[in-house]
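> Residue numbers (my numbering), protein chains in the order written: chain A, 117 to 368; chain B, 59 to 267; chain C, 3 to 224.
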Amino acid sequence: MLNQPVLLAGGINIFKYASPQAFYPLAGKMLPWFGWAAALLCLAGLYTGFFVAPTDHQQGESYRIIFIHVPAAWMSMLIYVVMAFWAGVGLIFNTRLSHMMVSALVPTGALFTFVALWTGALWGKPTWGTWWVWDARLTSELILLFLYFGFMTLQAGIDDARRADRAGAVLALVGVINIPIIYFSVKWWNTLHQGASVSLTSAPTMAATMFTGMMLMALAAWMYTIATALHRVRSIIIEREQGAEWLKNHND
Amino acid sequence: MLAAHKLDITRGDRRLFGDITLELRPGTLLLVTGSNGSGKTSLLRALCGLLLPSAGEVRWQNANIRSLREEYWRHLAYIGHSNALKDELSAAENLGVLCALSGVHTGPEQQRQALADFGLAGRERLPAKALSQGQRRRTALARLSLCGTLPLWILDEPFAALDSAAVSRMQSVVGAHLADGGMVVMTTHQEVPIVAPAMRELDLDGFGR
Amino acid sequence: MMALLRAVIRRDLMLAWRRRADIATVVLFFVIVVSLFPLGVGPEPNLLRTIAPGIIWVAALLACMLSLQNMFASDHGDGALDQMLLAAAPLSLIVMARAFAHWLMSGLPLVILSPVLAIQFDLAPELSPVLTLSLLLGTPILTLTGAIGAALTLGLRGGGMLLALLVLPLYVPVLILGAGAVDAASAGLGADAQLLLLAAQLLVTATFAPWAIAVALRISAE
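1. Does the beta-carbon distance from phenylalanine 139(A) to leucine 213(A) come in below 8 angstroms?
2. Per DSSP, tryptophan 211(B) is paired with what?
3. Does any residue of chain A bring its CB to less than 8 angstroms from the CB of leucine 172(C)?
4. Using a C-beta to C-beta distance shorter than 8 angstroms, which residues of chain C count as neighbours of phenylalanine 265(A)?
5. Between valine 97(C) and chain A, is the shortest Cβ-Cβ distance under 8 angstroms, so that the two count as touching?
6. Short check: CB of valine 35(C) to CB of alanine 5(C), under 8 angstroms?
7. Output needed in chain order: residues of the segment 175-186 of chain C with a Cβ under 8 angstroms from some Cβ in chain A.
8. Along the alpha helix (DSSP H) that carries threonine 328(A), what are the first and last residues, could you check?
9. Taking 8 angstroms as the CB-CB limit, is leucine 74(B) close to chain A?
10. Chain C beta carbons: is any one of them nearer than 8 angstroms to that of arginine 181(B)?
11. Among residues of its own chain, excluding the 5 on either side of glycine 225(A), which ones have a beta-carbon nearer than 7 angstroms to its beta-carbon?
12. Whole-angstrom Cβ separation of alanine 272(A) and valine 218(A), contact assumed at under 8 angstroms?
13. Here's the rule: buried if 16 or more other CB atoms are within 10 angstroms of the residue's CB, otherwise exposed. What is alanine 220(A)?
14. At least one CB of chain C closer than 8 angstroms to the CB of lysine 98(B): is that the case?
15. State the Cα-Cα distance for the pair glycine 127(A) and threonine 211(A), rounded to the nearest angstrom.
16. I need the DSSP call for aspartate 172(A), collapsed to helix, strand or coil.
17. First and last residue of the beta strand (DSSP E) that includes phenylalanine 102(C)?
18. Extract the residue ranges of the alpha helix (DSSP H) inside the segment 168-213 of chain B, only unbroken runs of 4 or more that lie entirely within it.
19. Please list, in chain order, the residues of the segment 262-290 of chain A that have any C-beta partner in chain B closer than 7 angstroms.
20. On the DSSP letters alone, give me the boundaries of the beta strand (DSSP E) that glutamate 38(B) sits inside.
21. Whose C-beta lies closer than 6 angstroms to the C-beta of serine 318(A) among residues of the same chain, with five residues either side of it excluded?
22. For valine 232(B), name the three-state secondary structure that DSSP assigns.
23. For the putative contact between alanine 188(A) and phenylalanine 150(A), defined by C-beta atoms under 8 angstroms, what is the C-beta separation to the nearest angstrom?
24. With a threshold of 6 angstroms on Cβ separation, who are the neighbours of threonine 91(B) within its own chain once the five nearest residues in sequence on each side are excluded?
25. Would you kindly work out how many angstroms separate the C-alpha atoms of tyrosine 163(A) and glycine 329(A), rounded to a whole number?
26. Where do the ends of the alpha helix (DSSP H) carrying histidine 78(C) lie?
27. Count the other C-beta atoms from every protein chain shown that fall within 10 angstroms of the C-beta of tryptophan 59(C), then say buried if there are 16 or more, exposed otherwise.
28. Express the C-alpha separation of leucine 64(C) and alanine 195(C) in angstroms, rounding to a whole number.
29. Counting pairs of beta carbons, one from the segment 67-87 of chain C and one from the segment 186-206 of chain C, are three or more of them closer than 8 angstroms?
30. Which residues in chain A sit within 7 angstroms of glycine 70(B), going by Cβ to Cβ distance?
31. Quick test of your reading: alanine 89(B) and threonine 197(B), contact by CB under 8 angstroms. State the CB separation rounded to the nearest angstrom.
32. On a Cα-Cα basis, can you pick out the residue from Gly95(B), Asn122(B) and Met59(B) that is closest to leucine 65(B)?
33. Would you say serine 108(C) and cysteine 66(C) are within 8 angstroms of each other, going by their C-beta atoms?
34. Which residues in the same chain as phenylalanine 228(C) place their Cβ atom closer than 7 angstroms to its Cβ, once the five residues preceding and following it in sequence are excluded?
35. Are the Cβ atoms of valine 168(A) and threonine 325(A) separated by less than 8 angstroms?
36. Could you check whether proline 175(C) and isoleucine 293(A) sit closer than 8 angstroms to each other, using their CB atoms as the reference points?
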């Protein structure tokens, strides 16, 4: 039942690209587009953020790090959800490509989580006077980083590729169910212990150019994520399909 | 009826065999042979549903076992390479647990009788760690005397480490099960004649690459 | 089916009883870790009273996690796990029964011992029942969540450390709610909210975790 091709309204067979063999050249074709889009959007976003957007009257110039911090934080959470989605697809439909997609997304997710934490600390020093506070968001982000690390260590610890894929998928799904619980418990813990602490939410109203810069950077993060994921998926396909006939005949 | 359709099994990067199709009707003994590493155990585990084949499917009464699950397993007795005995439990306790997992509930008297059948009379209270390798194997096999109601038996090297008395006991237990219309799949290195209404042999060395 | 599950619980309890030393190890670990903290932070009674719930909870968390390493490992080694995977009852129910037996032998002793350790820290007498109740609700969550990790890391090298890495981040909400319950009670706010949330989390975990454990076991046993 599940192996039957599914036809969309437009007559496009979505399962056609579900095999690594078909996806490999497609990913190769898409890769430069997303790569260039990421680079251009990033340049435009940084220019807007650092030169066009006005200086903040409370925080001065140091606030400008949010142009990197906020998109990174958004992306770090989004990637985990996307990972869990592909993990679920992979477990249910038993498609190898979905599992490869999960493995390809993880390093980017961990990277963005780390960047969000790092830039958060850099912003915290001039603003709060300390590198680290046990702010609810920072703490949740730290636990998210642990979840990414756990996923990577589990996959690295399993030699059999299929077991690594499927065990990782279960972990990603368990993680994604727990993320909201962790987030709300940490938030609650924070308010209980710190009272009215400084928080990232109480940012002053945003100038239009600030918003534009932030959106450009967020889009750049999207494009970068897709580009790196495609690139990594191609490497994983080559690694896994060693010896497959189609790969030998493929000149890219 | 047990059937395998275009079964393809890969372990790690190595394809063990591909395209195995077979059918097992009541009263049939399927003997799986092949050299070491030819994938006998993997085939048995795939037939049980422990190992997911990379292609193809196993069917029980014309339904895929992956959707049947317990509905299939309640008809199956699997005895693998390892005996599944816990060192700290006695032979009888081990036997009771193994039968209970198959949905067969037994009393101490039945357990004692089954163990005595396999030459373990008087040893039913001994912890499994005090038993010799052959006695442990016989304890695991004694389960078959109690699980006659399960139509399908899948046995991995049942004769390994058995003495001649136990081998002949096994021959008659398996023979009786087949005569009753049961099905048996087993691997073996030894030439052990078994009286069966129907018999098939599958040589794995002829498959795969 | 009930007879099958009863047989599984009976088996696990019998095994645990005949391996009593393992239970003693978990309990001793718990006691020793708790006793180390005053040596690290100093004997100041007020400070110790404040941090007592957190310490006891962290120690319980670690003890629970350590005890989980053996939950499936020996059954995986001797083939007993295969028999459970092929049992005549749904694996998630068998897993639930086993988690219950495991909790009785590793979680419950910690719960029972906690009032004694609370005395060590001079915790106010009215807070001790709150601590015990929070552990009673929380330790089953630790067992169930941890069992997912134990099933995923079955038979891997460095399984113990890996298990810790996977499971400890997932323990965060339990720790916050459990230790928070005692904190709230000591601040005079009442611990009802935390205890109810713990109970809710226990229900959710008991619903979903057995399924995840079952899937993970099938993957690891292939």
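We treat Cβ as the ideally placed atom computed from N, Cα and C, and that holds for glycine.
In short:
1. yes
2. Ala135(B) and Val242(B)
3. yes
4. Leu167
5. no
6. no
7. Pro175, Ile178, Leu179, Gly182, Asp185 and Ala186
8. 324-356
9. no
10. no
11. Ser192, Ile195, Tyr196, Met199 and Tyr264
12. The Cβ separation is near 14 angstroms, so there is no contact.
13. buried
14. no
15. Because the pLDDT at glycine 127(A) is just 40, under 50, the model does not fix this residue reliably, and the value given afterwards should be weighed accordingly. Answer to the nearest angstrom: the Cα atoms are 21 angstroms apart.
16. strand
17. First-last for phenylalanine 102(C): 93-122, but that is the alpha helix (DSSP H), not the beta strand (DSSP E).
18. 191-204
19. Asp276
20. Not covered by the structure: residue 38(B). The range shown for chain B is 59 to 267.
21. Bear in mind that the predicted position of serine 318(A) carries a pLDDT of just 47, short of 50, making it too unreliable to give a figure here.
22. helix
23. So it is not a contact: roughly 18 angstroms between Cβ atoms.
24. Asp261
25. 8 angstroms
26. 72-80
27. buried
28. 25 angstroms
29. no
30. Asp276
31. Note on residue identity: the sequence assigns leucine, not alanine, to residue 89(B). Not a contact, Cβ separation roughly 24 angstroms.
32. Asn122(B)
33. yes
34. The structure shown does not extend to residue 228(C), since chain C is modelled only from 3 to 224, so the question has no answer here.
35. yes
36. no
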